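Okay, structure first, notes after.
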Amino acid sequence: MAPSTLTALANEKTLQTSFIRDEEERPKVAYNKFSDEIPVISLQGIDDINGSRRSEICEKIVNACEDWGVFQVTDHGVDAQLISEMTKLAKEFFELPPDEKLRFDMSGGKKGGFIVSSHLQGEVVQDWREIVTYFSYPIRARDYSRWPDKPQGWKAVTEKYSEKLMDLACKLLEVLSEAMGLEKEALTKACVDMDQKVVVNFYPKCPEPDLTLGLKRHTDPGTITLLLQDQVGGLQATKDNGKTWITVQPVEGAFVVNLGDHGHVSWYYYIFP
Ligand SMILES: O=C(O)CCC(=O)C(=O)O
């Protein structure tokens, strides 16, 4: 099948069958029925190594990891201007004509670029999303030929954004290491080279949203995911293996932190050996 974008399909009256999910997989809670159950934690004072505020933050993060494995952080030190530039460029990228986006088509096993749904082979049902993704760390392994070259400024802004998010991820991994009674650098060392993957998701308007998902139920494969939501929301989480779901309240400028599979294994291994 020729590579495509969602631009044309979004204007159709009915949903193409390749996106239709079985009934039990369809959304169980409205994308905009927000829950405040996921803790929002201010990181103000986290750099004060011996301060009481750092211990408080640490305790809140520990509780959040045990309860949901998900929390949101504010006062995280990533400049609001940088976040807004990255958001603007992401929006402009997805507004490009299909041919421009498909110059970076990553189907057929390429290690980065643009695709509808997912680059994973053997998908039975497609996700209703467009995605642009590539590795940004380690720096020496970057393949800039897979990074978009439009809109103008993409490379410079993504480089800066990746750097700031790497700093934030390391800071959070230090807190998690300490919480597990390990030396501060334990988790970053366990990650050896600290890979980082940029993933930008776009969920266009859908003709029959009740029949599909923007992104199927999944856990994240890495150690930690930092996710910037827009104010529309739609991110959902479960802590009872999918019996019930909540929709995470979008918080302007906050990052949702999700403990990935590697993070979960380390957490349970050290806390409950
Ligand atoms: O876009 C979202 O809200 C969720 C993204 C996500 O879960 C992912 O990219 O793994």
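Last residue of the sequence shown? That's 273 in the UniProt record's numbering, and every number before it is there in order. Note that beta-carbon positions come from the ideal geometry of N, C-alpha and C, so glycine has one too. Being a predicted model, the structure only gives us computed values, none of them experimental.
Spatial neighbours of residue i in its chain, beta-carbon cut-off 6 angstroms, leaving aside the 5 residues before and after
i	result
Met-194	Tyr-137
Separation of residue j from residue i, as counted between CA atoms
i	j	result
Asn-43	Ser-18	Reading off the sequence shown, one finds Leu at residue 43, where the question assumed Asn. Distance between the alpha carbons of Leu-43 and Ser-18 is about 43 angstroms.
Asp-67	Gly-51	25 angstroms
Val-116	Asp-99	13 angstroms
Thr-74	Leu-187	22 angstroms
Glu-12	Gly-45	50 angstroms
Ser-107	Ala-80	34 angstroms
Glu-252	Glu-185	30 angstroms
Phe-93	Ser-55	41 angstroms
Pro-39	Asp-127	28 angstroms
Ser-118	Tyr-31	21 angstroms
Local conformation of residue i per DSSP, three classes
i	result
Asp-22	coil
Leu-43	coil
Glu-12	coil
Lys-88	helix
Gln-72	strand
Ser-4	coil
Thr-244	coil
Closest by C-alpha distance to residue i, when choosing among the options
i	options	result
Lys-164	Gln-196, Leu-176, Met-180 and Asp-143	Gln-196
His-262	Ala-254, Gly-253 and Asp-220	Asp-220
Leu-259	Leu-176, Leu-96, Trp-128 and Glu-92	Leu-176
Phe-71	Val-157, Leu-82 and Ile-57	Ile-57
Leu-6	Leu-226, Ile-131 and Glu-174	Ile-131
Lys-111	Met-180, Asp-167 and Ala-141	Ala-141
Gly-122	Asn-63, Phe-114 and Gly-109	Gly-109
Leu-89	Gly-77, Ser-35, Val-124 and Val-200	Val-200
Asp-143	Lys-155, Leu-168 and Lys-171	Lys-155
Contacting residues, own chain, Cβ-Cβ under 7 angstroms from residue i (five flanking each side not counted)
i	result
Ser-4	Val-116
Val-256	Val-70, Gln-72, Leu-227, Gln-229, Leu-235 and Val-248
Gly-242	Arg-217
Cβ shell of residue i (< 8 angstroms), same chain only, five flanking positions each side left out
i	result
Ser-162	Ser-136, Tyr-137, Gln-196 and Val-198
Entirely enclosed beta strand (DSSP E) segments - the segment 200-239, minimum 3 residues: 224-227
Jot down the residue ranges of each uninterrupted beta strand (DSSP E) in the segment 104-151, minimum 3 residues, whole runs only, in chain order. 112-116 and 130-137
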